[in-house]
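What follows is a set of notes on a single structure, which appears directly below.
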Amino acid sequence: MTHFLSNCPRCGYIAEAWSEDGVSVRVRCKMCGYEGRLPHPDLKNGAWRVG
Ligand SMILES: [Zn+2]
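Mapping the sequence shown onto my numbering, position 18 (from 1) lands on 35, and the numbers just tick up by one.
Structure, rendered in structure tokens:
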């Protein structure tokens, strides 16, 4: 499991993020409590697959 830091999409603060499958990342922000899934930053250029 890859652990790294990402900007929170809600408040912009540095949030904890980790990848479970290399395709999406889970983000958890200590500042605002945001928790959710985002596309993996390495796949921003159109490689995102749905389904
Ligand atoms: Zn936040």
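Virtual Cβ for every residue (Gly too), placed ideally from N, Cα, C. The structure presented is a predicted model; accordingly, all values stated were derived computationally and were not measured.
Taking all protein chains in view, the Cβ of C25 is crowded by 16 or more other Cβ atoms within 10 Å, so the residue is classified as buried. If you look at H57, you'll find it isn't in any beta strand (DSSP E); DSSP assigns it neither H nor E.
In summary, C46 is buried, with 16 or more beta-carbon neighbours lying within 10 Å of its beta-carbon over all protein chains present. The residues S36, G39, V40, S41, V42, in chain order, have a CB closer than 7 Å to that of H57 in the same chain once the five nearest residues on each side in sequence are set aside. Comparing alpha carbon positions, the residue from C49, T19, A34, E33 closest to R27 is C49.
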